[in-house]
Amino acid sequence: MFGLFGRISQVGKQRLSIQKFFFSSDQKWRQTTILAVKKNNEICIVGDGQVSLGSTVVKTDGRKVRKLANGSICGFAGSLADAFTLMEGLENIMTKQPTLKACITYAKQWRTGKALRHLEATLLVVDKDLIVELDGTGNVLEIPEVIGIGSGGAFAECAARALIDIDGMSAKDIALKSMKIAADKCIYTNHNWVVETLKWDPSEFKQDSIDSIMDSKSLPKFEIPQEKD
């Protein structure tokens with residue numbers, strides 16, 4: 001009898017480990033593809049619409065690329081609720097600061113804030129002449145040309161890098177072709193996409209860099225909040 005219960009217990013543990021693998025947050029936040037491409041005076045960001053839970057497709061037309069209040073655009077890979085919470089917080093800061101400076105400020109809050117640091121998502125924020133990737137580990141990366149995140153991000157990014165130097169292909173053309181390749185290779189990415197583009201006149205616009213912002217005295221002082229017992 002003990003041997004039977006032992007075998008049942010072992011089967012139960014194996015089942016729990018399988019469920020943990022398929023439904024863990026580490027698996028969920030990678031099951032998508034978001035791609036941003038910058039070429040000349042145009043930025044294109046594309047996100048697929050597939051929403052997966054483990055090995056099951058629960059939705060095919062999810063919107064993972066959205067416009068923010070200040071005219072910039074944000075794409076996300078991760079938990080929907082977490083990503084929306086993060087985007088709302090980022091929007092509030094963007095009403096007071098330029099996009100890049102707002103991303104740096106919010107990354108600090110995300111990293112150290114008690115309410116935010118457990119949120120699991122990666123954000124791609126694009127504005128005129130600017131692509132920024134930020135996450136909960138404190139990373140704020142200014143991307144020069146191409147970046148892909150999510151389970152199919154590597155496929156899309158490699159394809160876009162191969163196409164970026166081809167004359168006659170715009171940022172949107174490159175992004176769409178690269179997303180098709182990613183969707184063909186990644187089982188968590190479909191061909192139902194949300195596409196957003198930004199264009200600007202380079203002679204009339206100049207974006208600050210991360211280095212110039214960090215060297216500037218105008219960056220607000222940030223203090224780590226004290227946690228209450």
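Mapping of the sequence shown onto full-length UniProt numbering: position 58 corresponds to residue 58, and the numbering continues sequentially without gaps. Think of the CB as a built atom: it goes at the ideal place given N, C-alpha and C, for glycine as much as any other residue. Owing to the predicted nature of the structure, the values given are computational and were not obtained by experimental measurement.
- Sequence-distant partners of L68 (beyond 5 residues in either direction) whose C-beta falls short of 6 Å from its own C-beta, in its chain, are C74, E91.
- Counted as a single uninterrupted DSSP element, the beta strand (DSSP E) harbouring D48 occupies residues 42-48.
- Per DSSP, the unbroken alpha helix (DSSP H) holding W110 starts and ends at 99-112.
- N40 counts as exposed, since fewer than 16 other C-beta atoms from the protein chains shown sit within 10 angstroms of its C-beta.
- Ranking A162, M169, G136, A182 by CA distance to the CA of A154 puts A182 first.
- Taking a cut-off of 8 Å on C-beta distances, the stretch 136-156 touches the stretch 106-121, as three or more cross pairs fall below it.
- Burial state of F76 is buried, judged by a 10 Å Cβ sphere holding 16 or more other Cβ atoms.
- As the crow flies, the alpha-carbon of S72 is around 20 Å from that of D173.
- In the structure shown, K39 falls within a strand segment according to DSSP collapsed to helix, strand and coil.
- 8 Å or more divides the Cβ of V57 from the Cβ of T99.
- Taken atom to atom, the span from the alpha-carbon of K96 to that of A102 is near 8 Å.
- When A83, E133, W193, L198 are compared, the shortest CA-CA separation from K59 is found for W193.
- Rounded to the nearest whole angstrom, the C-alpha separation of G148 and R161 is 11 Å.
- By the criterion of a C-beta distance shorter than 7 Å, K199 is surrounded in its chain by N41, E42, once the five residues flanking it on both sides are discounted.
- As DSSP reads the structure, D127 sits in a beta bridge with L130.
- Its Cα nearest to that of P144, the residue E133 stands out among G150, D167, S151, E133.
- DSSP places G89 inside the alpha helix (DSSP H), whose first and last residues are 80-94.
- With 16 or more neighbouring CB atoms inside 10 Å of its own CB, G47 falls in the buried class.
- Partner residues in the beta bridge of W193, as assigned by DSSP, are D48.
- Judged by beta-carbon spacing, K64 lies beyond the 8 Å limit of A171, meaning their Cβ atoms are not closer than that value.
- The Cβ atoms of A121 and A83 lie closer than 8 Å to each other.
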